[in-house]
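This report refers to the structure that appears directly beneath it.
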Amino acid sequence: MATEGTGAQAAGDLGRGWKISPSIRIAPGETAVLGEIDGPGVVTHVWCTTAPHRAWRGTVLRMYWDGAQDPAVEVPLGDFFCQGWNTFSQVSSQTVAVNPNGGFNAYWPMPFRTAARVTLENLSAEEVILYYQIDYELGDVADDSAYLHAHWRRSHPVPRGEVHTVLDGVEGAGHYVGTYLAWGVNDPGWWGEGEVKFYLDGDDEFPTICGTGTEDYFGGAWNFDVPGQGYTTFSTPYLGLHQVLRPDGLYVSQQRFGMYRWHVADPVRFGTDLRVTVQSLGIGPGHHNGLPHRYRPTSDDIASTALFYLDAPALAQRPPTPDLIAMEVD
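Following this note's numbering, the numbering of the sequence shown begins with 59 at its first residue and continues without gaps.
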């Protein structure tokens with residue numbers, strides 16, 4: 059039972075057992091071990107919150123399964139919980155819930171056979187205070203249970219005429235379960251015409267799955283634009299446009315969005331390999347003035363978190379480790 063900790067002063071004379079150590083301090087450059095669990099078992103729930111909020115894009119969450127040297131999950135803390143813009147936004151979904159004021163919850167099942175290890179690295183220049191809880195069950199894991207993976211990538215910006223890669227380099231059998239995008243708009247006009255494409259099991263030029271538009275993939279329609287009120291947020295069990303951050307007329311000139319889709323009821327299954335992309339594609343503002351309706355490649359700022367289950371605890375090919383410059387919210 060703790061006798062020293064972040065709550066010792068507040069506990070005063072109450073003594074041990076009275077919330078003396080409810081949180082940890084993570085110094086700049088430090089990696090804190092949040093949990094080391096011997097298996098077999100399943101992590102069923104993760105809850106955490108930080109001070110300050112800007113740590114959401116200044117820290118990297120990692121999860122390792124079964125003694126692997128490389129992490130299966132390596133994502134900025136905020137992006138893992140759909141908060142990539144360092145600004146709170148309510149999320150009320152089946153697998154991720156974010157509640158006032160920055161209470162992060164993840165309910166993705168995370169099975170492991172021999173060991174689980176969870177860490178948080180502080181890349182920022184200031185101390186981070188973290189409150190957290192990891193819930194898990196110990197017991198046999200089914201032979202066909204796969205390991206949770208999460209990869210983060212950012213195109214800042216997407217080169218005009220090219221696509222943003224959400225996921226690549228995945229080899230093995232598994233199923234894709236989720237996409238979160240933090241999307242910053244750099245061009246005028248409507249920005250979300252881009253198709254989300256899933257290339258699986260040897261697909262080359264053409265994907266097995268091709269969507270009809272970005273807002274369609276996230277369960278919306280017609281630009282998320284409700285007449286009379288404009289962009290309209292929503293958060294549902296599997297789909298959401300939960301965040302719209304508007305320019306402030308001064309230094310924040312970029313309009314920003316947060317969107318998620320969880321393929322829980324409709325997993326994208328693959329047998330040998332998987333690649334996922336999204337186009338940065340919009341429509342020029344001129345069509346509102348009677349000009350021709352034409353697609354226009356854009357050069358937006360897109361950060362993606364891809365979640366999938368795989369039959370291996372680690373991958374030989376992973377995206378670059380997130381660094382502070384890549385994660386920066388301008």
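Don't be surprised by glycine CBs; every beta carbon is placed ideally from N, CA and C.
- Item | Whole-angstrom distance between threonine 117 and proline 110, CA atom to CA atom | Position 52 of the sequence shown, counted from the first residue, corresponds to residue 110. Position 59 of the sequence shown, counted from the first residue, corresponds to residue 117. Roughly 11 Å separates the two Cα atoms.
- Return the chain-ordered ranges of every beta strand (DSSP E) run that is complete within the segment 345 to 371 and spans a minimum of 3 residues. Fully enclosed beta strand (DSSP E) runs of 3 or longer: 353 to 355, 359 to 368.
- Message: Judging by CA-CA distance, which residue of Gly316, Leu308, Gly269 is the nearest neighbour of threonine 290?
- Response: Against the sequence shown, residue 290 aligns to sequence position 232. Ranking Gly316, Leu308, Gly269 by CA distance to the CA of threonine 290 puts Gly316 first.
- Task: Leaving aside the five residues before and after proline 266 along the sequence, list all residues of the same chain whose C-beta is less than 8 Å from its C-beta, in chain order.
- Result: For this step, residue 266 is matched to residue 208 along the sequence shown. The sequence given here has threonine at residue 266, not proline. Taking threonine 266 as the centre and dropping the five residues before and after it, the same chain places the C-beta of Phe256, Tyr257, Leu258, Asp259 closer than 8 Å to its C-beta, in chain order.
- Could you pull the start and end residues of the alpha helix (DSSP H) that leucine 373 belongs to? Counted from its first residue, the sequence shown places residue 373 at position 315. Boundaries for leucine 373: no alpha helix (DSSP H) harbours it, and the DSSP string shows neither H nor E there.
- Query: Rounded to a whole number of angstroms, what is the C-alpha to C-alpha distance between glycine 160 and phenylalanine 146?
  - Reply: As a working note, residue 160 is residue 102 in the sequence shown. As a working note, residue 146 is residue 88 in the sequence shown. Approximately 6 Å between the Cα atoms of the pair.
- Give me the Cα-Cα distance between leucine 373 and arginine 304, rounded to the nearest whole angstrom. Within the sequence shown, numbered from 1, the residue matching residue 373 stands at position 315. Within the sequence shown, numbered from 1, the residue matching residue 304 stands at position 246. Between the alpha carbons of leucine 373 and arginine 304 lies a distance of about 38 Å.
- Message: Between Tyr238, Asn244, Asp306, which has its C-alpha nearest valine 334's C-alpha?
- Response: Stepping through the sequence shown from its first residue, residue 334 is reached at position 276. Closest by alpha carbon: Tyr238.
- Message: Between which two residues does the beta strand (DSSP E) holding threonine 102 run?
- Response: The count along the sequence shown starts at 1 and reaches residue 102 at position 44. Per DSSP, the continuous beta strand (DSSP E) segment holding threonine 102 begins and ends at 99 to 109.
- Message: Can you give me the C-alpha to C-alpha distance between glycine 87 and methionine 385, rounded to a whole angstrom?
- Response: Counting from 1 along the sequence shown, the entry for residue 87 is found at position 29. Counting from 1 along the sequence shown, the entry for residue 385 is found at position 327. Each residue's alpha carbon lies about 15 Å from the other.
- Query: Does leucine 339 have its Cβ less than 8 Å from a Cβ in chain B?
  - Reply: Protein chain content of the structure displayed is limited to a single chain, and chain B is not contained in it.
- Item | Contacting residues, own chain, Cβ-Cβ under 6 Å from tyrosine 165 (five flanking each side not counted) | Within the sequence shown, the letter at position 107 stands for residue 165. Once the five neighbours on either side are set aside, the close Cβ partners of tyrosine 165 are His103, Thr153.
- Query: Taking DSSP as the reference, what is the three-state secondary structure of tyrosine 190?
  - Reply: Start at 1 with the first residue of the sequence shown, and residue 190 comes out as number 132. In the structure shown, tyrosine 190 sits in a strand (DSSP, three-state: E or B).
- Anyone know if the C-beta pair for alanine 231 and phenylalanine 328 falls short of 8 Å? Along the sequence shown, read from residue 1 onward, the residue named residue 231 stands at position 173. Along the sequence shown, read from residue 1 onward, the residue named residue 328 stands at position 270. In contact: alanine 231 and phenylalanine 328 (Cβ atoms closer than 8 Å).
- Counting Cβ pairs, one atom from each stretch, are 3 or more of them under 8 Å apart for the segment 292 to 307 and the segment 212 to 223? Cβ pair count under 8 Å is below three, so no.
- Query: How would you call leucine 308, buried or exposed, if buried means at least 16 neighbouring beta carbons within 10 angstroms?
  - Reply: By one-based count along the sequence shown, residue 308 stands at place 250. If you draw a 10 Å sphere on the C-beta of leucine 308, you find fewer than 16 other C-beta atoms in it, and that means exposed.
- Item | Span of the beta strand (DSSP E), counted from its first residue to its last, around glycine 161 | For the purposes of this step, residue 161 is identified with residue 103 of the sequence shown, where counting begins at 1. Glycine 161 -> beta strand (DSSP E) spans 161 to 164.
- Message: If contact is defined by three or more beta carbon pairs under 8 Å, each pair taking one atom from either stretch, is the segment 200 to 211 in contact with the segment 126 to 141?
- Response: Under the three-pair Cβ rule at 8 Å, the segment 126 to 141 counts as touching the segment 200 to 211.
- Message: Suppose the cutoff is 6 Å on Cβ atoms and the five residues either side in sequence are ignored; what does the same chain contact list for proline 167 look like?
- Response: Walking along the sequence shown from the start, residue 167 turns up at place 109. Take proline 167, set aside five residues on each side of it, and the residues of its chain with a beta-carbon closer than 6 Å to its own are Val100, in chain order.
- Query: To which residues of the same chain is tryptophan 105 closer than 6 Å at the C-beta, ignoring the five residues directly before and after it?
  - Reply: By 1-based counting over the sequence shown, the position of residue 105 is 47. Closer than 6 Å at Cβ, skipping near neighbours: Asn163, Gln191.
- Return the chain-ordered list of same chain residues with a C-beta closer than 8 Å to the C-beta of serine 357, the five sequence neighbours on each side being excluded. By 1-based counting over the sequence shown, the position of residue 357 is 299. The residues are Pro215, Val216, Pro217, Arg218, Asn244, Asp245, Ser338.
- Whole-angstrom C-beta distance between threonine 177 and arginine 120, which should lie under 8 Å: The residue you call residue 120 lines up with position 62 of the sequence shown. The residue you call residue 177 lines up with position 119 of the sequence shown. Their Cβ separation, rounded to whole angstroms, is 5 Å, which keeps arginine 120 and threonine 177 in contact under 8 Å.
- For my contact list, proline 343 and glycine 278 are in at a C-beta cut-off of 8 Å; report their separation, rounded to the angstrom. Taking the first residue of the sequence shown as 1, we reach residue 343 at position 285. Taking the first residue of the sequence shown as 1, we reach residue 278 at position 220. Incorrect: roughly 20 Å between the Cβ atoms, too far for contact.
- Query: To the nearest angstrom, how far is it from the Cα of leucine 225 to the Cα of arginine 376?
  - Reply: For the purposes of this step, residue 225 is taken as residue 167 along the sequence shown, with counting starting at 1. For the purposes of this step, residue 376 is taken as residue 318 along the sequence shown, with counting starting at 1. Each residue's alpha carbon lies about 9 Å from the other.
- Query: How many Å lie between proline 129 and isoleucine 187 at the Cα?
  - Reply: Stepping through the sequence shown from its first residue, residue 129 is reached at position 71. Stepping through the sequence shown from its first residue, residue 187 is reached at position 129. Proline 129 and isoleucine 187 have their C-alpha atoms roughly 23 Å apart.
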